[in-house]
Amino acid sequence: MGSLQHTHAIALLFVAIGLGVGCAAAAEGGAPAAGEGGDAAGGAGGDAAGGAGGAGGANAGGAGGAGGDAASGAGGAGGSSLVCEQGNVDCSGVCTDTQIDPANCGACGTACATGELCTTGTCTPCPNGDCTVICVPNMQAACYSGPPATLGVAACKGGLKVCNAQGTAFGTCAGEVLPAVQETCNNSVDDDCNGKTDEACGPPYSILDFTPSAFDVAPDGSAVAVGIKQGAVMAICFNGDGSITKSSFTVATYDPNILTTVFGMDVALARVGHQVALTWTVANWPSPGDDWQTWVAHLDGSCNQLGVARLLDPAAAKGINRIANVRISDAGISAFVYEAQTAGAFRLIMDNADGTNLAAKSVGMGKCLGGARTRAIGMRRTTGETVVACEGGPNVYYQRHGANGVAIDADVVSAPGLTLVGGAWSNGLLVEYNDAGNVVIAAEVEFSSPWTWKLNFYGANLGFVASVSVAGDSNYPNNNRILLPANGDFVTASPSVGVSRYRHTPTGIQVSTSPNGGTMRIDGADVVYQLAGNKISKAPFAL
Numbered sequence: 019m020g021s022l023q024h025t026h027a028i029a030l031l032f033v034a035i036g037l038g039v040g041c042a043a044a045a046e047g048g049a050p051a052a053g054e055g056g057d058a059a060g061g062a063g064g065d066a067a068g069g070a071g072g073a074g075g076a077n078a079g080g081a082g083g084a085g086g087d088a089a090s091g092a093g094g095a096g097g098s099s100l101v102c103e104q105g106n107v108d109c110s111g112v113c114t115d116t117q118i119d120p121a122n123c124g125a126c127g128t129a130c131a132t133g134e135l136c137t138t139g140t141c142t143p144c145p146n147g148d149c150t151v152i153c154v155p156n157m158q159a160a161c162y163s164g165p166p167a168t169l170g171v172a173a174c175k176g177g178l179k180v181c182n183a184q185g186t187a188f189g190t191c192a193g194e195v196l197p198a199v200q201e202t203c204n205n206s207v208d209d210d211c212n213g214k215t216d217e218a219c220g221p222p223y224s225i226l227d228f229t230p231s232a233f234d235v236a237p238d239g240s241a242v243a244v245g246i247k248q249g250a251v252m253a254i255c256f257n258g259d260g261s262i263t264k265s266s267f268t269v270a271t272y273d274p275n276i277l278t279t280v281f282g283m284d285v286a287l288a289r290v291g292h293q294v295a296l297t298w299t300v301a302n303w304p305s306p307g308d309d310w311q312t313w314v315a316h317l318d319g320s321c322n323q324l325g326v327a328r329l330l331d332p333a334a335a336k337g338i339n340r341i342a343n344v345r346i347s348d349a350g351i352s353a354f355v356y357e358a359q360t361a362g363a364f365r366l367i368m369d370n371a372d373g374t375n376l377a378a379k380s381v382g383m384g385k386c387l388g389g390a391r392t393r394a395i396g397m398r399r400t401t402g403e404t405v406v407a408c409e410g411g412p413n414v415y416y417q418r419h420g421a422n423g424v425a426i427d428a429d430v431v432s433a434p435g436l437t438l439v440g441g442a443w444s445n446g447l448l449v450e451y452n453d454a455g456n457v458v459i460a461a462e463v464e465f466s467s468p469w470t471w472k473l474n475f476y477g478a479n480l481g482f483v484a485s486v487s488v489a490g491d492s493n494y495p496n497n498n499r500i501l502l503p504a505n506g507d508f509v510t511a512s513p514s515v516g517v518s519r520y521r522h523t524p525t526g527i528q529v530s531t532s533p534n535g536g537t538m539r540i541d542g543a544d545v546v547y548q549l550a551g552n553k554i555s556k557a558p559f560a561l
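Residue numbers (the numbering used here): 19 to 561.
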């Protein structure tokens, strides 16, 4: 018995060695249980036969258990040499993230069904049936959606995007700064991140001899400005790079002791030949009488005056003839609309490219009622076809005329839905054609705060398309215009600074709004130009 007790004592000592840290010993006697080895040795054997060796630890298999009465125990199984990063587990010798692995979702061996993804350890249906996994859920990745050459230039920088919980898509690129679509001129900043500052702007078009009242810009950036100076009507022309085509010169003179005021100036510059048509009104203001006269002059493509200035409408009755608007076609045909108040008529005047008169006619007799601001003109510049709009009581009317001055519509046509409130003569009115023949009429239908404008959109042959309302104000200078971007959209607004501008498609769908910055024109690349003091500047206003 002593010998047997001694043997048991040795066996217990081996158990203690084999357990390592907190492991259970093999059962003593009978059907032996395997001991669980530590990092080095296996567990001790039982009484009848050596117990199986304990399972190995992380480094190697445990040694065999100590022999019982019959034989030594077998060696322990070898331990795994695989060390997985935090969050992964060993599944049959492979480090596996059971939070996202569809073959081992939540636990090794638990597979998701077809059409399911493993999301945070749970099998879930694939979103929209798409089981394509492109990223690790919740993983962050660097991103930049701008042109690669602009990354890291000026203020442009990348951001971070985060993989969604299913691993099927990244979210938006948070924190990135993209290049501006258009360089903001004269701010000394590389807005479009191309390594250049104000590169497309050039110097402002400076007008030193007079203060401009009106201007226009051609697609190539050529410009013309007109104004007054000490009893003279002045003009100046610029090339597309801002250099001067022709320096300031006198178009016409008047006696400021008789006609004290020149106002209502407007000018139009042809897109192709760069011909110019300009108009203005002189009066003994503020005494209305028979001395209000509206004049016109024409310049050729080199900014040379064609003949002398003349009365816009020599056939009109003497009286208050005032405030004309002008448009000019690509071929140099010009069209004017103004109010012959004494005659109670709105008049359409059309001139040839050489400045000679083409047509002169009354528009909307008996329907278009008094008020210099209640008339407007638009032109399809590719063809010279014009549309004249006017207000009459609560209604707005329009009539089209060909480039030869012949009416297309037999009489003015009532514009549906443009019902005016607050009096006919004080409401604002604008109309414009685009190159495709679409038309928009903008009328200030509510003349009180908040002022409301309504826009009517027309398609081919002036078929009515849509009517939409926008907010505005009552500021309506004579030479305000609807802008025509290169893609055929319409941009409408009062010229008051701070009032929203609206961009619509020809079918009346609002594309965008933007802050306004006063009376503006655009070139063929939709770059905005603005009068600022004695300069024409490319302005930091997007359409």
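All C-beta atoms, glycine included, are put in the ideal place defined by N, C-alpha and C.
With respect to G249, D273 sits close: the two C-beta atoms are nearer than 8 Å.
In the DSSP annotation of this structure, the continuous segment of the beta strand (DSSP E) that includes V280 starts and ends at 279 to 287. Below 8 Å, too few C-beta pairs join the segment 220 to 234 and the segment 167 to 180 to call them touching: fewer than three.
Under the DSSP assignment, R521 falls in the beta strand (DSSP E) whose first and last residues are 518 to 522.
When DSSP states are grouped into helix, strand and coil, L501 belongs to the strand group. Per DSSP, the beta bridge partners of G410 are N413. Between I341 and E357, the gap from beta carbon to beta carbon is short of 8 Å. Judged by DSSP in its simplified three-state form, P533 adopts strand.
For a cut-off of 8 Å, the C-beta gap from T114 to G139 is around 12 Å, too long to register as a contact. A Cβ-Cβ distance of about 5 Å is found for the pair V251 and A270, placing them in contact under the 8 Å criterion. T360 sits close to A335, with the two beta carbons spaced by under 8 Å. In the three-state reduction of the DSSP assignment, P145 falls in the helix class.
Taking 3 residues as the shortest admissible run, the segment 349 to 387 contains the following complete beta strand (DSSP E) segments, listed from N- to C-terminal end: 352 to 358, 363 to 369, 375 to 381. Around the beta carbon of G350, a 10 Å sphere encloses 16 or more other beta carbons of the protein chains shown; the residue is thus reported as buried. Distance between A428 and R328, taken at the CA atoms: about 30 Å.
Note that the C-beta distance between D491 and S514 is below 8 Å. Secondary structure note for T215: it is in no beta strand (DSSP E), with a DSSP letter that is neither H nor E.
Bridge pairing for Q248: absent [DSSP]. In this chain, the beta strand (DSSP E) harbouring P230 covers 229 to 235.
Restricted to the segment 134 to 184, the beta strand (DSSP E) segments that are unbroken, complete and at least 3 residues in length are 134 to 137, 140 to 143, 158 to 161, 177 to 180, listed in chain order.
Looking only at R539, D369, V154, L561, the smallest Cα-Cα distance to A243 is reached by R539. In this structure, the alpha-carbon of N212 lies about 11 Å from that of A173.
By a beta-carbon distance limit of 8 Å, E194 contacts K175. Their separation comes to about 7 Å.
R365 is the residue among Q158, R365, G435, P412 whose C-alpha sits nearest the C-alpha of G423. The residue from G189, N257, P143, G164 with its alpha-carbon nearest to that of Q158 is G189.
A residue is called buried when at least 16 other Cβ atoms come within 10 angstroms of its Cβ; Q528 does not meet this threshold and is exposed.
Inclusion of T525 and V458 in the CB contact set at 8 Å is not warranted, their separation being larger than that value.
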